[in-house]
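**Q** Below is a structure I'd like to ask you about.
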Amino acid sequence: MDFVVSYPKSGNTWNRLVTTAYDTEVDQEDLVQLKAGDLTKLKLTDIDPPNRHQAVSPIPISDVDFAAQVRLRPAAMIVLAREVSLLEHLEPLLVQSHHVNARINGIALWHSEWVDHVVNPVRDPREVCCSHAAHYGNSYEETAQLMADPSARTWTGETPDLRWFTSSWSAHVRGWLEEDDIPVHTVRYEDLRANPVGEFYDILDFLGVSDLSVDLVEDAVARTQFDRLQEVEAEQGAPAAAPEQEQFFRSGQTDGWKNELPTDVARKIEKDHGEMMEALGYL
234 MDFVVSYPKS GNTWNRLVTT AYDTEVDQED LVQLKAGDLT KLKLTDIDPP NRHQAVSPIP
294 ISDVDFAAQV RLRPAAMIVL AREVSLLEHL EPLLVQSHHV NARINGIALW HSEWVDHVVN
354 PVRDPREVCC SHAAHYGNSY EETAQLMADP SARTWTGETP DLRWFTSSWS AHVRGWLEED
414 DIPVHTVRYE DLRANPVGEF YDILDFLGVS DLSVDLVEDA VARTQFDRLQ EVEAEQGAPA
474 AAPEQEQFFR SGQTDGWKNE LPTDVARKIE KDHGEMMEAL GYL
């Protein structure tokens with residue numbers, strides 16, 4: 234299975250939209266609404282729907298604590314792999330996840346046995362803070378604190394009983410940058426915005442897409458530009474939007490934090506994550 238794994242609000246959805254739009258006859262409304270049929274692959278995640286975990290759990294999933302969910306994860310991934318195998322005709326296909334690449338109580342969240350490729354978009358944590366705060370309805374200060382929390386978890390909004398273990402922003406980034414057994418393609422969100430056709434071409438090439446076409450990549454990128462998706466969302470709404478958020482396709486900015494994020498919060502983020510920010514060229 235191929236995954237797109239990121240810290241929340243770092244370009245995960247955009248990657249899935251472009252891979253869905255590549256060589257697929259869909260319009261902006263279909264992409265925004267994440268409709269069924271050929272867009273089923275847009276809805277694939279490793280924790281949703283909960284019946285994958287329930288199928289391998291002897292008790293109601295609502296009664297299973299997070300540590301037990303981690304123990305159930307390998308079996309649930311076998312169920313997911315069967316679902317994905319039925320969608321091979323829809324490739325390229327990326328399963329969404331926000332899990333950090335780490336161990337919980339000695340149990341690995343990721344195994345090379347059931348992961349073929351991981352696309353790992355990363356984003357300036359100061360911009361992540363702005364987008365994350367708007368999406369979940371928290372203050373900048375609360376969001377910056379969460380981004381520094383090594384035990385942080387988040388949920389999809391539709392599956393409250395199952396959560397992604399995100400850990401801190403730095404731990405999330407480091408975990409995937411240092412992965413040796415699973416093929417990982419890390420790409421900066423800022424580079425995706427500056428050169429979307431070139432970067433998405435490289436992503437699709439990494440995923441092994443056959444007969445890769447620059448023209449089709451250009452078309453997929455054009456149909457998933459934020460301004461075009463925002464126009465459709467304004468008319469149709471977006472089911473992926475959190476209840477606290479007025480719009481899901483918010484701005485896609487790369488330096489909006491400079492005019493939005495309070496100075497003290499920006500300095501806290503730089504202090505908390507300076508090492509990894511320098512490694513990625515953000516400082």
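In this note's numbering, the protein residues as written are 234 to 516.
In this text, a Cβ means the ideal position worked out from N, Cα and C, and glycines have one as well.
Within the chosen definition, does the segment 344-357 reach the segment 418-438 through at least 3 CB pairs nearer than 8 Å?
**A** A contact exists between the segment 344-357 and the segment 418-438.
**Q** What does residue 236 pair with, by DSSP beta-bridge criteria?
**A** DSSP, once it has assigned bridges, lists 328, 351 as partnering residue 236.
**Q** I need the straight-line Cα distance from residue 496 to residue 410, nearest angstrom please.
**A** The straight-line gap from Cα to Cα measures roughly 28 Å.
**Q** Tell me whether the beta-carbon of residue 357 lies closer than 8 Å to the beta-carbon of residue 432.
**A** Taking 8 Å as the Cβ cut-off, residue 357 and residue 432 do not qualify as a contacting pair.
**Q** Have a look at residue 251 and residue 454 and give me their C-alpha separation to the nearest angstrom.
**A** Approximately 6 Å between the Cα atoms of the pair.
**Q** Inspect the beta-carbon positions of residue 442 and residue 325 and report whether they are closer than 8 Å.
**A** Yes, the pair counts as a contact, with Cβ atoms nearer than the cut-off.
**Q** Taking the alpha carbon of residue 219 as the reference point, which residue from 278, 444, 366, 401 has its own alpha carbon closest?
**A** Residue 219 falls outside the range modelled here, since the chain spans only 234 to 516, and no answer is possible.
**Q** How many Å lie between residue 335 and residue 341 at the Cα?
**A** Roughly 6 Å separates the two Cα atoms.
**Q** Determine the direct distance from the alpha carbon of residue 396 to that of residue 298, and round the result to whole angstroms.
**A** In a straight line, the C-alpha of residue 298 is about 10 Å away from that of residue 396.
**Q** Any contact between the segment 402-421 and the segment 281-292? By contact I mean 3 or more CB pairs, one from each, below 8 Å.
**A** The answer is no - the segment 281-292 does not touch the segment 402-421, with fewer than three Cβ pairs under 8 Å.
**Q** Assuming residue 289 contacts residue 308 under a Cβ cut-off of 8 Å, what Cβ separation, rounded to an integer in Å, is found between them?
**A** Right, their Cβ atoms sit about 4 Å apart.
**Q** For residue 428, tell me which candidate among 408, 458, 445, 276 has the shortest Cα-Cα distance.
**A** Of the candidates 408, 458, 445, 276, the one whose C-alpha sits nearest the C-alpha of residue 428 is 458.
**Q** Closest to residue 323 by C-alpha separation, out of 293, 276, 312, 291, would be which residue?
**A** It is 276.
**Q** Contact between the segment 489-505 and the segment 363-380 is defined here as three or more beta-carbon pairs at a separation below 8 Å; is this criterion met?
**A** Yes: at least three Cβ pairs fall under 8 Å.
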